[in-house]
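Each residue of the sequence shown is one higher than the one before, counting from 12 in this note's numbering.
Even glycine gets a Cβ: it sits at the ideal position worked out from N, Cα and C.
Everything numeric in this text was worked out from a predicted model, so none of it was measured.
What follows is a single structure, written as structure tokens, with notes after it.
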Amino acid sequence: MLKESIDKTNIYLQEFKDVEQKRDKIWKEFTQNEQFESTYMAIEKLCSTYKKEIHNYFHRLKIGTLNIQNLNHLISSYVETSLDMLDSIFQDAQETVDNITYKNPYGPKNGTPNEASVLINKKL
């Protein structure tokens with residue numbers, strides 16, 4: 012049992028070392044191998060260096076959000092307009108079907124019941 016605990020501890024220690032090496036590699040790439048006097052100095056320098064980039068990214072993000080909102084508004088207004096147009100077209104078609112005296116200018120020329128306008132009028 013003690014041997015199992017020692018083995019597990021060794022495994023965890025090795026995993027920790029691997030993670031620490033990866034973290035150190037990422038930190039060196041990020042700071043371009045620059046040595047800092049303290050963590051505070053590193054944070055101060057990196058914050059001032061990346062402050063403008065962060066601000067520009069945030070600004071682009073806000074613009075992207077506004078563009079998406081405008082696009083959403085534009086799409087909804089197109090949908091509402093299209094639905095209103097379809098509604099008026101179907102109302103006109105329904106009134107046409109209900110009005111028996113209306114002569115369909117596109118209606119059957121020779122009176123066969125299989126022509127498109129006759130079938131449409133029957134379905135409406």
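### Query
When you compare only the Cα positions, how much space is there between residue 104 and residue 96?
By one-based count along the sequence shown, residue 104 stands at place 93. By one-based count along the sequence shown, residue 96 stands at place 85. Approximately 12 Å, taken between the alpha carbons.
### Message
Helix, strand or coil for residue 126? Go by DSSP, reduced to three states.
### Response
Against the sequence shown, residue 126 aligns to sequence position 115. With a pLDDT of 49 at residue 126, under the threshold of 50, the modelled position of this residue cannot be trusted, and the question is left open.
### Message
Taking 7 Å as the limit between beta carbons, can you name the residues of its chain near residue 130, skipping five residues before and five after?
### Response
The residue given as residue 130 occupies position 119 in the sequence shown. Low per-residue confidence applies at residue 130: pLDDT is 49, beneath 50, and the placement is therefore not dependable, though the value from the model is reported in the following sentence. Excluding positions up to five away in sequence, the list is empty.
### Task
Using alpha carbons as the reference points, say which of 30, 109, 42 lies closest to residue 59.
Along the sequence shown, one-based indexing puts residue 59 at 48. Residue 42 is the option with its Cα nearest to residue 59.
### Message
So, for residue 32: in the same chain, excluding its five sequence neighbours on each side, which residues have a beta-carbon less than 7 Å away from its beta-carbon?
### Response
To locate residue 32, count along the sequence shown from 1; it is residue 21. The answer is none, since no qualifying residue turns up.
### Message
In the DSSP assignment, the alpha helix (DSSP H) including residue 105 goes from what residue to what residue?
### Response
Counting from 1 along the sequence shown, the entry for residue 105 is found at position 94. Run containing residue 105: 50-109, per the alpha helix (DSSP H) assignment.
### Query
If you run the structure through DSSP and keep just helix, strand and coil, what is residue 22?
Here the question's residue 22 lines up with position 11 in the sequence shown. Here residue 22 carries a helix assignment [DSSP, helix/strand/coil].
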